[in-house]
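Asks: Sharing a structure here in structure tokens format.
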């Protein structure tokens, strides 16, 4: 305590709250900065003391929120959420209205047990693709997605950070803790009412706009960006003798086999009958997360072309754009010889409007191999190599570096573990066998120990700004 406010403490507290509210509304600074400054002013005026500050930090709400962020990240990294949404495609073709209802219902249900932010991030590409599939404007489905996730989070105690915050304050005041589903009856009524209003009002009130381009792995046409990559079949591969169209790892995430190259011959015209042999190169059209999966060996018995000699070295994957001034425009990757000149390996190529596999050689690259594709302005490349080699290539060829690739391969084999941990945390908390905080912390330890999610991803998943806001407001 720096000052003693005496009898003026209530008035000072009200004035500080009013000023804080005004700053929130006026957006003078970020919300967490305003809240932290208000807490500091309260400490300086003697409205709270050091013990109050320590009590706020020790409140179980921030720790529980952080733990749920990590558990949510484990579900995302293992592909558990994506697997649940892929079944919507066939349903959308048959009964589009039902597919939309199932999608928003599933989004609300997922947000009841996960933090809202990762749910929305994962489902944005899905809802845009669903909108395109049924012929609707994505702009009329994005805001309803956000609102349904918020409404779904209001149905359980762990659904939103604010619910956990209120529960923590109630415990501090000596009140009985809220049960996991204690607010579910009211929350379900609110969610159903809000969902019904959105179904009626959203098509009439929301504008009709196309999808934005490029963000969050979504192409300018609204679908996840598609890349052209090549896989080499080495001697002794378990894939030898199998038909490429029957290999599940090559079809994940909507991927498809474009061609099989044997020597100088293409087998694309008879892919259904072709059997893989040692030395074959399989050309696939797929998403960035699947390319990263191939890089990490997700397709057992096949390696990304060129990486069989590069797996032992330290490398990064960089995304680079071919600009108007790039020295590679009109040239093929084979002619550029990047592997020999710079020691880097082109993993995949994306061309606006679809993968390079979707267009012919004269500007539509339909029948081209990755190495034979002639680069054009606007093409995007995934490049694997040592950081210094990739930087030298980008500088000399005048490519435009976009960023290191954020996408990581799904760890689908660990999805059952992540789902079981989340179910155990929710189930045991619902039965009242243990408080949610220790259960969540134990769950975090399990998903980290079993590598459902990497430590850096777990830490990155925790929203530090939100946690600072919660502690400051406490």
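Residue numbers (my numbering): 520 to 993.
No residue lacks a Cβ here, since even glycine has one placed at the ideal position from N, Cα and C.
As the structure is a computational prediction, the values presented were derived from the model and not from experiment.
On the DSSP bridge list, what partners appear for residue 851?
Replies: BP columns for residue 851 point to 893.
Asks: Counting only the same chain and skipping the five closest in sequence on each side, list residues whose C-beta sits under 6 Å from that of residue 632.
Replies: Excluding positions up to five away in sequence, the list reads 945.
Asks: Which of the three DSSP states is assigned to residue 539 in this structure?
Replies: Correct three-state label for residue 539: helix.
Asks: From residue 841 to residue 802, what does the alpha carbon distance come to, in whole angstroms?
Replies: If you take the alpha carbons of residue 841 and residue 802, they lie about 22 Å apart.
Asks: Can you give me the Cβ contacts of residue 607 inside the same chain, cut-off strictly under 8 Å, excluding the 5 residues immediately before and after it?
Replies: Hits under 8 Å: 618, 621, 622, 645, 649.
Asks: Do residue 661 and residue 963 count as a contact pair if the criterion is CB distance below 9 Å?
Replies: No, the pair does not count as a contact, with Cβ atoms beyond the cut-off.
Asks: Could you tell me the distance, in whole angstroms, from the CA atom of residue 968 to the CA atom of residue 982?
Replies: Cα to Cα, the separation comes out at about 22 Å.
Asks: Under the rule that 16 or more other beta-carbon atoms within 10 Å means buried, what is residue 546, buried or exposed?
Replies: Answer is exposed; the Cβ neighbour count stays below 16.
Asks: How long is the line joining the alpha carbons of residue 870 and residue 899, rounded to whole angstroms?
Replies: One C-alpha to the other measures close to 6 Å.
Asks: For residue 675 and residue 707, which I take to be in contact (beta-carbon distance under 8 Å), what is that distance rounded to the nearest angstrom?
Replies: 10 Å between Cβ atoms; not a contact.
Asks: Bridge partners of residue 564, per DSSP?
Replies: Residue 564 pairs with nothing; no bridge assigned.
Asks: If you draw a straight line from the alpha carbon of residue 478 to that of residue 717, how long is it in whole angstroms?
Replies: Lying outside 520 to 993, the shown extent of the chain, residue 478 is not represented and no answer is given.
Asks: Could you pull out every residue in the same chain whose Cβ sits closer than 6 Å to the Cβ of residue 785, ignoring the five residues on either side in sequence?
Replies: The answer, listed in chain order, is 778.
Asks: With distances taken between CB atoms, is the gap from residue 845 to residue 919 smaller than 9 Å?
Replies: In this structure, residue 919 lies closer than 9 Å to residue 845 by Cβ.
Asks: By the DSSP assignment, the alpha helix (DSSP H) with residue 908 in it spans what residues?
Replies: 906-916 is the span of the alpha helix (DSSP H), which, as asked, contains residue 908.
Asks: Straight-line CA distance for residue 673 to residue 588?
Replies: Between residue 673 and residue 588, the C-alpha separation is close to 17 Å.
Asks: Using only the alpha-carbon positions, how far apart do residue 775 and residue 955 sit?
Replies: Cα to Cα, residue 775 sits roughly 43 Å from residue 955.
Asks: To test your reading of the DSSP string, which unbroken beta strand (DSSP E) runs of 3 or more residues are found completely within the segment 656-680?
Replies: Here no run is fully enclosed.
Asks: Among 691, 783, 686, 756, which one has its Cα closest to the Cα of residue 796?
Replies: The candidate whose alpha carbon is nearest that of residue 796 is 756.
Asks: From residue 768 to residue 567, what does the alpha carbon distance come to, in whole angstroms?
Replies: Going by the C-alpha atoms only, they are around 58 Å apart.
Asks: Please list, in chain order, all residues of the same chain as residue 560 whose beta carbon is under 7 Å from its beta carbon, the five residues on each side excluded.
Replies: Excluding residues within five positions, the ones whose Cβ falls inside 7 Å are 535.
Asks: So what does DSSP say about residue 583, is it helix, strand or coil?
Replies: If DSSP states are grouped into helix, strand and coil, residue 583 belongs with the helices.
Asks: Once DSSP output is grouped into helix, strand and coil, what is the label at residue 627?
Replies: In the structure shown, residue 627 sits in a helix (DSSP, three-state: H, G or I).
Asks: What are the start and end residues of each continuous alpha helix (DSSP H) run of 4 or more residues lying completely inside the segment 931-984, in chain order?
Replies: List check, alpha helix (DSSP H) in window: 934-949, 955-968, 974-980.
Asks: Alpha carbon to alpha carbon, how far is residue 895 from residue 734? Give it in angstroms, no decimals.
Replies: With a pLDDT of only 37 at residue 734, under the threshold of 50, the placement of this residue in the model should not be trusted, and no figure is reported.
Asks: Should residue 550 and residue 984 be called a contact, given that it needs their Cβ atoms to be closer than 9 Å?
Replies: Against a cut-off of 9 Å, the Cβ pair of residue 984 and residue 550 comes out as a contact.
Asks: Could you tell me if residue 612 is buried or exposed, where buried requires 16 or more neighbouring beta carbons within 10 angstroms of its beta carbon?
Replies: It counts as exposed.
Asks: Could you name the residues that DSSP lists as bridge partners for residue 771?
Replies: BP columns for residue 771 are empty, so no partner.
Asks: Could you spell out where the alpha helix (DSSP H) holding residue 712 opens and where it closes?
Replies: Taken as a continuous stretch (DSSP letters only), the alpha helix (DSSP H) holding residue 712 covers 703-724.
Asks: Going by DSSP in three states, residue 870 sits in which element: helix, strand or coil?
Replies: Here residue 870 sits in strand by DSSP.
Asks: According to DSSP, simplified to helix, strand and coil, what is residue 612?
Replies: Of the three classes helix, strand and coil, the one that applies to residue 612 here is helix, per DSSP.
Asks: Whose C-alpha, out of 934, 948, 719, 836, is nearest the C-alpha of residue 616?
Replies: Comparing Cα-Cα distances from residue 616 to each of 934, 948, 719, 836, the minimum goes to 719.
Asks: Should residue 929 be labelled buried (16 or more other beta-carbon atoms within 10 Å of its own) or exposed?
Replies: By the 10 Å Cβ count, residue 929 comes out buried.
Asks: Can you give me the C-alpha to C-alpha distance between residue 528 and residue 563, rounded to a whole angstrom?
Replies: Each residue's Cα considered, the two are about 12 Å apart.
Asks: What residue range does the beta strand (DSSP E) around residue 800 cover?
Replies: 800-805 is the extent of the beta strand (DSSP E) around residue 800.
Asks: If you draw a straight line from the alpha carbon of residue 783 to that of residue 892, how long is it in whole angstroms?
Replies: So the two alpha carbons sit approximately 15 Å from each other.
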